[in-house]
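Heads up, the thing below is written out as structure tokens.
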Amino acid sequence: MVISEELVEKIKSSFNLNTYEARIWLALLMKGVATAGELADIADIPRSRAYDVLESLEKKGFVIMKLGKPIKYLAVPPNEVVERVKRRYEETMSRRINELEKVKTSDLIKELDALHKSGAGSIDVSEKSGAIRGQQNIISHLESMLKEAQKHVNIVTTQLTFVRDAIALKPIFYELKERQIPVRIITPIDEGNAKYVQELMNVVEIYDAGDYRGRIVTIDSEEILMMLFDEKEVPSSMDVAVWLYAPALAKFIDEMIEVLLPKLKPAQQSLVEKKLII
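Below, the structure is given as structure tokens:
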């Protein structure tokens with residue numbers, strides 16, 4: 001029995017195993033039940049490592065050690081392994097989230113905040129800019145920008161990005177409404193995002209962009225977040241946004257939005273005309 005290197009790599013990636021663990025587990029899946037020595041031979045790993053690797057796999061829930069002599073091992077069904085790994089990840093994530101929540105109120109954060117403020121205070125406003133790569137990083141940076149808004153927010157976006165932002169940023173939009181910070185969103189409205197438009201209509205102002213396309217955000221006529229690519233043409237990990245502190249440009253964009261708005265239909269009107277009311 002030959003173990004495919006391609007399959008080994010897939011197992012390592014999917015289940016977060018090292019090479020020996022992946023090879024031993026695959027060997028046991030092929031054999032059904034076997035001793036450590038037999039598995040070492042099939043997996044083509046040193047026999048001296050077999051017991052350590054099997055012990056690790058047992059702790060991770062991939063194998064079961066049978067009672068009796070000689071000691072033999074039984075493979076856990078792959079579907080059950082997936083559930084076990086999933087539970088382990090969930091437990092680890094929950095524990096890490098709880099730890100981070102404690103860090104938020106710790107002296108460590110106070111010390112780090114003081115360092116950041118001292119460093120940020122020395123930055124010239126012209127240097128407050130940068131490129132942000134990856135969809136998740138872009139969303140996180142936009143969330144931070146929205147939380148700092150003091151006057152108003154304008155968002156021009158596409159159908160796909162609107163849906164993504166509506167899901168990820170909905171709590172922030174509610175916070176801004178409570179703080180009486182007006183938010184306007186201009187996005188094409190169609191069947192794909194009508195549901196999310198209706199969910200947010202009472203929280204933010206939404207207008208149908210019609211044939212206009214683009215992705216740009218302005219905050220308080222000072223900051224700009226501008227996405228460079230059409231999200232349909234690049235993978236989410238390759239999406240890029242440019243963040244600028246540029247009051248003159250931000251003000252100009254906001255003025256252009258004011259000129260554009262009278263030409264656009266409010267979301268309610270657009271939904272009714274397109275018969276998209278749910």
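For what it's worth, full-length UniProt numbering labels the leading residue of the sequence shown as 1, then goes sequentially.
Glycine included, C-beta positions come from ideal geometry on N, C-alpha and C.
Quick one: measure Cβ to Cβ for ALA27 and LYS12, integer angstroms, because I've assumed they're closer than 8 angstroms.
Walking along the sequence shown from the start, residue 27 turns up at place 27. Walking along the sequence shown from the start, residue 12 turns up at place 12. Not a contact, Cβ separation roughly 14 angstroms.
Tell me which residue opens and which closes the beta strand (DSSP E) that LEU261 is part of.
As a first step, residue 261 must be located in the sequence shown, where it is residue number 261. First-last for LEU261: undefined, no H or E at that position.
Give me the residue from TYR196, PHE252, GLU6, LYS263 with the minimum Cα distance to THR161.
Within the sequence shown, the letter at position 161 stands for residue 161. Ranking TYR196, PHE252, GLU6, LYS263 by Cα distance to THR161 puts TYR196 first.
Quick check on the DSSP output: what are the complete alpha helix (DSSP H) runs of length 4 or more inside the stretch 124-207, in order along the chain?
Complete alpha helix (DSSP H) runs here, min 4: 135-147, 159-178, 194-200.
Can you list, in chain order, the residues of its chain with a C-beta nearer than 6 angstroms to that of PRO188? Leave out the 5 residues immediately preceding and following it.
Taking the sequence shown and counting its residues from 1, the one referred to as residue 188 is at position 188. If we look at PRO188 and ignore the five residues flanking it on each side, its Cβ neighbours are GLN159, ALA209.
LEU108 by DSSP, collapsed to three states: which one?
Walking along the sequence shown from the start, residue 108 turns up at place 108. Looking at LEU108 - three-state DSSP - the assignment turns out to be helix.
Under 7 angstroms: does the beta carbon of GLY214 sit that close to some heavy atom of the ligand ZN?
Ligands displayed in this structure: none; no statement on the ligand ZN is therefore possible.
Could you spell out where the beta strand (DSSP E) holding VAL63 opens and where it closes?
Position 63 of the sequence shown holds residue 63. Counting along the chain, the beta strand (DSSP E) containing VAL63 begins and ends at 63-65.
Smallest Cα separation from GLU58: which of ILE138, ARG96, LEU17, ALA131?
For the purposes of this step, residue 58 is identified with residue 58 of the sequence shown, where counting begins at 1. Answer by Cα proximity: LEU17.
Is it a yes or a no for the stretch 223-238 touching the stretch 168-183, going by three-plus beta-carbon pairs under 8 angstroms?
Output reads no: the stretch 168-183 does not touch the stretch 223-238.
Do the CB positions of VAL217 and LEU142 come within less than 8 angstroms of each other?
What you label residue 217 is simply residue 217 of the sequence shown in a count that begins at 1. What you label residue 142 is simply residue 142 of the sequence shown in a count that begins at 1. Closer than 8 angstroms, so yes.
CB ASP220 to CB ALA149, shorter than 8 angstroms?
On the sequence shown, position 220 is the one that residue 220 refers to. On the sequence shown, position 149 is the one that residue 149 refers to. For ASP220 and ALA149, yes; Cβs fall inside 8 angstroms.
LYS72 by DSSP, collapsed to three states: which one?
As a first step, residue 72 must be located in the sequence shown, where it is residue number 72. In the structure shown, LYS72 sits in a strand (DSSP, three-state: E or B).
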